[in-house]
Amino acid sequence: MVARRQQRPSPAHDASDHGATTVGDGTTPRPCGAPHVTGVEAARRLRASRLLRRVARSCPPATFLTGGSLRDRLMGLPTRDLDLVVTGDPAAAAHRLASALDGSVFPLGKAPRLTFRVVTPGVQLDVWGPESSLEADIRRRDFTINAIFWRLPDGPLVDLVGGLEDLEAGRIRAIAEANLRADPLRVLRALRLASTRPRLRLTADTEALLARTAPLLLRVARERILYEAYLLLAGPAVARALATAARLRILEPLLPAWAHGKDLATLLGVATRLAARVRSGRGALRGQLRGLLPAVLAAPAAGFPTRWDVAAAEAALARLGLPPRTAARIAAAAALGERLLALPDLHGPEARALAVGAGADLPWALGWALARQGSSDGTLEQAARRLLRWARRVTRRPPPLDGAAVAQLLGLPPGPARARAVALLRHGQALGAVRGSRQAAAWLVQHWPSESQEG
10 MVARRQQRPS
20 PAHDASDHGA
30 TTVGDGTTPR
40 PCGAPHVTGV
50 EAARRLRASR
60 LLRRVARSCP
70 PATFLTGGSL
80 RDRLMGLPTR
90 DLDLVVTGDP
100 AAAAHRLASA
110 LDGSVFPLGK
120 APRLTFRVVT
130 PGVQLDVWGP
140 ESSLEADIRR
150 RDFTINAIFW
160 RLPDGPLVDL
170 VGGLEDLEAG
180 RIRAIAEANL
190 RADPLRVLRA
200 LRLASTRPRL
210 RLTADTEALL
220 ARTAPLLLRV
230 ARERILYEAY
240 LLLAGPAVAR
250 ALATAARLRI
260 LEPLLPAWAH
270 GKDLATLLGV
280 ATRLAARVRS
290 GRGALRGQLR
300 GLLPAVLAAP
310 AAGFPTRWDV
320 AAAEAALARL
330 GLPPRTAARI
340 AAAAALGERL
350 LALPDLHGPE
360 ARALAVGAGA
370 DLPWALGWAL
380 ARQGSSDGTL
390 EQAARRLLRW
400 ARRVTRRPPP
410 LDGAAVAQLL
420 GLPPGPARAR
430 AVALLRHGQA
440 LGAVRGSRQA
450 AAWLVQHWPS
460 ESQEG
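Here this note's numbering is used: the first residue of the sequence shown is 10, the next is one more, and so on.
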């Protein structure tokens, strides 16, 4: 462990007026996941950051970098977000930063915890002032590794809760149970950190606090829960985070089906493979699968892995706060992925008919099927790419009869029935049963009565 030493701060770096103690350069830990770097070297890198120096020029003298932005820098991870505590006027500092960095300012929250977000082309900054003192701001934080402060631009580091030692050891440790209860979203944030920062582990004491606080998640605004859930589900260690959630019964207040989910190992494999596809940015489905991630959380309610109940999955997603239309899309796409995976191949007319019916949700369905299948031989991947290319060609091709002709042929007024008839015609195209306009008219007349009775 890097040697620690208390240091009397020089007047230029004095933090005693904020009730804080300071830690000198030699206390900076070896960045987790990076080659060994001495404390002096880590401090030198913080001082050498041109961005931090540029930010410091627009801020009051007592401005501190903290939170995840400092944590990630100490871990050797790239970040373009800055969390700044300003002991002067945070609103004025935010507007000066926006002017200097060619950005805009947006207030978030309300007093006494009002934050000013500065959005610029290259970096996003959150600026706020301590409620009473710097020490109080430190001690009300969630986890020790997020409660380290670096005074801009030259230091020193301020660490009152052992965050440096925990960061070096790779520990996620809660500062106090009261802090979790004050904002229960921090329960999910702990899991998100465990998922997105694989070298960090929850301490046993913190796990116990998370389990006790989890029922309070029902009080948290659903949009905040969804924000953390998407980040958690895209992390490289999502399987470990979800396994911890299941063991501690953290998700059950929001998603009761997690109390009796089946075959967690299979679901964790799907979660891992889906997250990897979301992060990779490669392949035919690149950039299209992030919206599907909540299907993992709905899977136990759907009866996964032996079945997929669309209505139950949709209800679970609604409990998470997803809009009804989005919840329906995700639930249906995962169900379609299960159906596609059950087919003997993705080249036949049945797969093509399902692909055309899926429309814009086909990438999600294929993404679920690929994550579900788990084989690394690439056979399904190639078949999925071919099916996706085929579906895109077909949907760009105009149908043999347009909507007006279909309506005239079947005597349909404008409305949903006409759209269903055109979709039925597309289905016939996918099956290879419809080519020209005459064939389309005959096929549609033959099949529309049964279709209308079903609807």
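Positions of the beta carbon are idealized from the N, C-alpha and C atoms, including for glycine.
Put simply, of Val136, Ala426, Ile154 and Leu302 the residue whose alpha carbon is nearest the alpha carbon of Asp168 is Ile154.
Distance from the CA of Leu260 to the CA of Ala451, rounded to the nearest whole angstrom, comes to 53 Å. Counting the other CB atoms within 10 Å of its CB gives Phe115 a total below 16, which places it among the exposed residues. Secondary structure of Thr96 (DSSP, three-state): coil. Our two residues, Ile181 and Leu209, have alpha carbons roughly 6 Å apart in a direct line. Boundaries of the beta strand (DSSP E) harbouring Trp137: Gln133 to Trp137, taken from the DSSP string. Between the stretch 343 to 356 and the stretch 308 to 321, the count of C-beta pairs closer than 8 Å reaches three or more; the two stretches touch. Annotation for Ile147: Ala156 and Leu169 place their beta carbon closer than 6 Å to its own, counting only its chain and skipping 5 residues before and after. Less than 9 Å separates the beta-carbon of Arg62 from that of Pro162. Scanning Gln133, Leu379 and Ser204 for the CA closest to the CA of Gly244 turns up Ser204. In this structure, Arg126 sits away from Glu140, with a CB-CB distance that is not shorter than 9 Å. In the DSSP assignment, Trp373 falls within the unbroken alpha helix (DSSP H) covering Leu371 to Gln382. The C-beta of Thr388 has fewer than 16 other C-beta atoms within 10 Å across all chains shown, which makes the residue exposed. Around the CB of Leu227, fewer than 16 other CB atoms lie within 10 Å, so the residue is classed as exposed. Within the DSSP secondary-structure output, Asp90 pairs in a beta bridge with Gln133. In terms of CA proximity to Thr253, Ala220 leads the group Gly270, Arg381 and Ala220. Collapsing the DSSP output to three states places Trp159 in a strand.
If you draw a 10 Å sphere on the C-beta of Glu232, you find fewer than 16 other C-beta atoms in it, and that means exposed.
Nearest Cα to Ala340 within the set Ala325, Leu211 and Ala223: Ala325.
In this chain, the beta strand (DSSP E) harbouring Ser113 covers Ser113 to Leu117. Taken through DSSP and simplified to helix, strand or coil, Thr315 comes out as coil. Contact check between the stretch 90 to 104 and the stretch 178 to 197: fewer than three CB pairs, one atom from each, fall below 8 Å, which does not count as touching. At least 9 Å separates the beta-carbon of Trp267 from that of Ala280. Thr281: not part of any beta strand (DSSP E); member of the alpha helix (DSSP H) spanning Leu273 to Ser289, first to last residue. With respect to the C-alpha of Val365, the residue from Val196, Leu421, Gly85 and Leu433 having the closest C-alpha is Leu433. Under the 10 Å beta carbon count, Leu60 is surrounded by fewer than 16 other beta carbons and is classified as exposed. About 6 Å separates the beta carbons of Ala400 and Leu371, which is inside the 8 Å limit, making them a contact pair.
Val365 carries a helical assignment under DSSP once its states are collapsed to helix, strand and coil.
Taking the C-beta atoms as reference points, Arg89 is found no nearer than 9 Å to Val136. The DSSP-derived three-state label of Val229 is coil.
The DSSP-derived three-state label of Val443 is coil.
A buried status is given to Val305, since no fewer than 16 other beta-carbon atoms sit within 10 Å of its beta-carbon. Using a 10 angstroms sphere on the CB of Val454, the tally of other CB atoms stays under 16, which defines it as exposed. By the neighbour-count criterion, in which a residue is buried when 16 or more other Cβ atoms sit within 10 angstroms of its Cβ, Ala310 is buried. In the three-state DSSP reduction, Ile181 falls in the strand class (E or B).
One thing to note: Leu264 has its Cβ no nearer than 9 Å to the Cβ of Leu283.
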